[in-house]
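Q:
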Amino acid sequence: MSTVVDLEGVSPVAEGRAVGPPPPADVLLDVRGLKTYFHVMDGTVAAVDGVDFQLKRGETLGLVGESGCGKSVTSLTIMRLIDIPPGEIVAGEIWFDGREILSLPMAETRKIRGADMSMIFQEPMTSLNPVFTVGNQIAEAVKAHRQVSNRGAWNRAVEMLAAVGIPSPEQRAKQYPHELSGGMRQRVMIAMALSCDPKLVIADEPTTALDVTIQAQILELIKAMQQRTGAALLLITHDLAVVAETVQRMAVMYAGKIVETGTAEDVLLDPKHPYTQGLITSIPSNVPRGQRLNVIRGTVPNPFRMPVGCRFEPRCPLAFEPCRDSDPPLRTLDPGRRAACWLQYPLSERPAGRDAAASSQPVTTERVAKR
Amino acid sequence: MTLPIQSSVAAETGIPSVEPAPREGVDVEVSLESLNQWQLALRRFLRHKMALVGLTVFSAIVLIAIIGPIVAPYNPLNIPGATRMGGDPPSLQHLFGTDDAGRDVYTNVVNGAHISLAIGLFSTLIAGIVGIIVGAIAGAAGGFTDNFLMRVVDVTFAVPLLFLILVAAVFFGQGSMIALILVFGLLQWGLIARLVRAQFLSLRETDFVEAARAVGVSNLRITFRHILPNALGPVIVVMTLLMASNIVLEAFVSFLNFGIAATEATWGNALSNSQNAMGDGNWWWAFFPGMAIALTVISINFIGDGLHDALDPRARL
Amino acid sequence: MSDPQASALPAEAHAEPGQTEVLVSAKGLVKYFPIMGGLLRRKIGDVKAVDGVSFNIHRGEVFGLVGESGCGKTTLGRTVLYLQRPTAGSVEVSGRDLSSLKPRELRRIRSRIQLIFQDPYGSLNPRMPVSDIIGEGLLAQGMKSHAARMKKVEDSLEAVGLRRDYTRRYPHEFSGGQRQRIGIARALALDPEFIVCDEAVSALDVSIQSQILNLLLDLRREFNLTYLFIAHNLSVIEYVSDRIAVMYLGKLVEVAMADQLFKQPRHPYSVALLSAIPNPDPRVRRKRLVLRGDVPSPANPPSGCRFHTRCWLREKLGNPEQCSAIDPPLRDIGEGQMTACHFAEQVGVQAASEVAATQSVIETAAALPD
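Protein chains in written order, with this note's numbering: chain A, 5 to 375; chain B, 115 to 431; chain C, 41 to 410.
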């Protein structure tokens, strides 16, 4: 049984619908209350279930979480790359560069996509078309958004390849994806993403499929390009170390929701949410040899049987009374610093604890005997 | 930074076990009922609406084929003679009309179902069995054996159908059902063999096969217990579709008078006999047998679709 | 074929009390895969996946093997277990040369040397219940009694933290972490002494990874196991290993105790690898040493030292001839640390950071000129 409540009324993805006030001018991306659900044979999966965050111009933000937490779906929703059906953007607003983009017609969306907003994918082999040369593919992106001749677009492609450090770019541009190594292909992807001077670059696990020495190359490249062009960067990854090296601010996601936000330093050195704490202490690089790794027991909840209260509660070592029944909203602790945990709320603001034995909701996840 | 409660082995346990679990475990979400892959496939199949429709229609056809001749009101051999040139159109006495010899078309169609279905089924079975065996040997043995067998397969594809039927007629007599079944099967097992071999080649490289080797399981057991069950999925689907196409093939062959004797009732013969009738406006000669073929083939294809989705190893519950 | 590397191995290197027995010994292991091509399908070359590797693994030790894709570590893991027959060289388990065994004896040795796979989804036959997946090996090793097998299966499940009654279930009912546990139980059921963990945690989420790592270390203690732990993630290797070997393009370039390697790497590749590891502490923003170019193809390795096309030290020393002409042997450079570099003494972490400081981060796509 899913505990998802469907919104009544008109789907937010409709032209001309009523939206809230635009964000201030320095905020490039403002995601408000985003909910993206998928309707599958066995029910509805709330892949993204109420996500809010902002990204200022030129800033870098890391979206961190493990598989299934909804981070990729969030980025795909921003790019409007979700298949509808089975997907459905159930609620929320996405403001980009002063416009609310969910209510734009697809033609407008296509103008933005690739030009003002571009994406770097995880698997360079499958993201590049094997039957076209890499130069061609970059040129195609350029021609789609700029009024240039074929020659002009090609020149731009070669220029971009040089900019990302590919040697002999004129020759390389004529090569096909399979002739290049993984690292090279990822550089090509970066070149393509930057070819139209985007304001926002979304990088979805850009280095996960790469070896560590190539990963170092690509991460350094991404950082350098971001600084050079002044574009904002939304980096999606599961690797806390990658995030630590690359971004200024970060948000941690779990089971479709954001559980903590803040600067990279704040979140990684002084995490407020037990999930973040668990993640950080379970990384081998944070633990000396011989000492046992800290472990987050259990697994992510079954999306069809999401807990009614806090989604992390079944695995949380610090769970207490209100956690089982009520899902804590994100609480602002400081400007830019938020956490979704009852422990961060003062006593007066916590929901009244109920008698656990008389819990009315049949919680379908099995309970662990607590010490 | 304050850490959460420092864990020790016992506290790391996530297993809601009735017995004490001595180690950290992870077990909160396991389904309550345990189905194996075949049962799961059945479940997926039953959810596929088109497949169910196909299954229903096909079962009805099979039922009619079996019971029909017993229940049919007219003896197919009885030739009363027509009341008009070209036979009678459909009427209450003759649901599908009669042909110019006065035979009831309905009876013909129902009797024809037998033969057409039988030919479709048995030729497919032969192709399947031979194909699976040869494909498995080729895939498992590799090397020269594999090469050789695949060249044999190439040869079977090079032999023309009608020619082989003529040759078979020499041995089995003109219009023998067995001849047709054998010829079809003989020319089609190569299809199955190639498919099975491809499955073998890819399954051989999987981790779970290597794992079985690592624990010392013999090659023979690996072939039968690991590779074959996983290879059968696509093979079943292809065989289903092959059956449908063989029914059409029989009709085609009979239409050209290479197949079953023209006096026997088969759908193909009915169509063949109806060639001239169409020009005279006696549409019911061709229409009903044609419909029968079409319905059978479509329903089998739907079933094949359903099987394909059901047996897809990537599909989850 | 005399192999300088084999004789260079100290027999009692860094012996710790109770760990001097050498359980697994590899001598000059070579594994080539022929490349077929041309009209007549002849052999036109070899993929030199493993090209002369020797090492000793002591009982009770966790021997880490680290390297990037294409270095041959997976092939090496399979070859050590004789799941792939080596093209040359030998493997000894407790002193017995595996190549001298008849197939039947080899099959029996298999119960002592086991393998855990990387992919929890591909390593379990989806059409077999857990009881068969784990019990099959027992049957193959001669345990005919069904009752005895079931008990062993259930014991193994319990040892890895799963419920005993999971025997009737099928793989698709479990999560990735649980499937990996089933794979571990399968290996454990045979009472092995030596287990090759081939990227056993690489495909798992971070929070599950730590569970499995803890489990593997617990099992080692409980059952006195010895591991060859293959991974590409250096932090995991550092955490788990006693000794570490770094592999590049089919050869070992460095072998050292874990602490030694991380404090004092002596091979330029090791230095670069360590430098490339992202640090989860956001305050540490050091300049990283970035290697140039891509990993060469193992079908066509560079002449001389295989690493010379990407070596920052060679560049710093002005491209000495030696590097492209002579393949350096793995030699002992002190305290049991073995390195395969002509200029190992000049490698230091300071040298690395000097180079890192002057590197142009963007132009690292090209390999170094010869």
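Just so you know, even glycine gets a beta-carbon here, dropped at the ideal spot from N, CA and C.
1) If you count every other CB in all the chains shown that lies within 10 Å of the CB of A/Ser71, and 16 or more means buried, which is it?
2) Report the neighbours of C/Glu394 on chain B: residues whose CB is nearer than 7 Å to its CB, in chain order.
3) In chain B, which residues lie with their C-beta within 9 Å of the C-beta of C/Asn165?
4) Please report whether the beta-carbon of A/Ala207 lies at a distance below 7 Å from any beta-carbon of chain C.
5) Restricting to Cα atoms, I'd like to know which of B/Thr212, B/Pro274, B/Glu319 is closest to C/Gly162.
6) Could you list the residues in the stretch 46-66 of chain A with a C-beta less than 9 Å from some C-beta on chain C, going in chain order?
7) Output the boundary residues of the alpha helix (DSSP H) element that contains C/Cys363.
8) Looking only at C-alpha atoms, which of A/Cys73, A/Pro171, A/Tyr41, A/Leu273 sits nearest to A/Phe316?
9) Helix, strand or coil: which one does DSSP assign to C/Pro74?
10) Check whether the stretch 171-188 of chain A touches the stretch 94-105 of chain A, counting contact only when three or more Cβ pairs, one atom from each stretch, lie closer than 8 Å.
11) With three or more C-beta pairs closer than 8 Å as the rule, is the stretch 125-132 of chain C touching the stretch 158-175 of chain C?
12) Between B/Asn333 and chain C, is there a C-beta pair that is closer than 7 Å?
13) First and last residue of the alpha helix (DSSP H) that includes C/His307?
14) CA-CA distance, A/Ser363 and A/Asp329?
15) Closest Cβ-Cβ distance between C/Arg189 and chain B: below 7 Å?
16) What is the rounded straight-line gap between the Cα of B/Gly330 and the Cα of C/Lys191?
17) What's the gap between the Cα of A/Leu273 and the Cα of C/Ile252?
18) Go to A/Ser79, then tell me how far its beta strand (DSSP E) extends in each direction, as first and last residue.
19) Can you tell which of C/Arg148, C/Ala392, C/Ser250 has the C-alpha that lies nearest to the C-alpha of A/Pro288?
20) Can you tell me whether B/Gln153 is buried or exposed, with buried defined as 16 or more other CB within 10 angstroms of its CB?
21) For my contact list, C/Ile224 and C/Val200 are in at a C-beta cut-off of 8 Å; report their separation, rounded to the angstrom.
22) Would the beta-carbon of B/Ala165 fall within 7 Å of that of B/Phe159?
23) If you draw a straight line from the alpha carbon of C/Ala229 to that of C/Gly112, how long is it in whole angstroms?
24) Sorted by chain position, which residues of the same chain lie with C-beta nearer than 7 Å to A/Leu108's C-beta, five sequence neighbours on each side aside?
25) Look at the Cβ atom of A/Met196, then the Cβ atom of A/Ala145, and state whether they are nearer than 7 Å.
26) Rounded to a whole number of angstroms, what is the C-alpha to C-alpha distance between C/Ser310 and C/Arg325?
27) Within 10 Å of its beta-carbon, does A/Asp243 have 16 or more other beta-carbons around it, so buried, or fewer, so exposed?
28) With a floor of 4 residues, list each alpha helix (DSSP H) that falls wholly inside the stretch 320-373 of chain B, ordered by position along the chain.
29) Which chain C residues sit within Cβ distance under 9 Å of B/Ile256?
30) Would you list the residues sitting across from A/Tyr41 in a DSSP beta bridge?
31) I want to verify the contact list: residues of chain C whose CB lies under 7 Å from the CB of B/Val462, in sequence order.
32) Give me the Cα-Cα distance between A/Pro333 and A/Thr212, rounded to the nearest whole angstrom.
33) Three or more beta-carbon pairs under 8 Å between the stretch 284-300 of chain B and the stretch 371-383 of chain B, yes or no?
34) Taking C-beta pairs closer than 9 Å, name the residues in chain C that A/Thr241 reaches, listed in chain order.
35) Please report the straight-line C-alpha distance between A/Ala22 and A/Thr78, rounded to a whole angstrom.
36) Anything in chain A within Cβ reach of C/Ile317, meaning under 7 Å, just list it in chain order.
A: This is what the structure gives:
1) exposed
2) Per Cβ cutoff of 7 Å: no residues; C/Glu394 is ~34 Å from chain B at best.
3) Thr320, Phe322, Val323, Ala325, Ala326, Arg339, His340, Pro343, Asn344
4) no
5) B/Glu319
6) none
7) 361-365
8) A/Cys73
9) strand
10) no
11) no
12) no
13) Per DSSP, C/His307 belongs to no alpha helix (DSSP H) and is neither H nor E.
14) Only weak support exists for where A/Ser363 lies, its pLDDT of 34 falling under 50; the coordinates are left without a value.
15) no
16) 20 Å
17) 25 Å
18) Premise fails: A/Ser79 lies in the alpha helix (DSSP H), 75-82, not in any beta strand (DSSP E).
19) C/Ser250
20) exposed
21) 5 Å
22) yes
23) 28 Å
24) none
25) yes
26) 20 Å
27) buried
28) 321-328, 342-369
29) The displayed chain sequence assigns Gly, not Ile, to residue 256 of chain B. Within chain C, no residue comes near B/Gly256; the closest Cβ sits about 13 Å away, beyond 9 Å.
30) A/Glu92
31) Any property of residue 462 of chain B remains undetermined from this structure, which presents chain B solely from 115 to 431.
32) 31 Å
33) yes
34) Within 9 Å Cβ-Cβ: nothing; A/Thr241 doesn't reach chain C, min ~10 Å.
35) 22 Å
36) Val216
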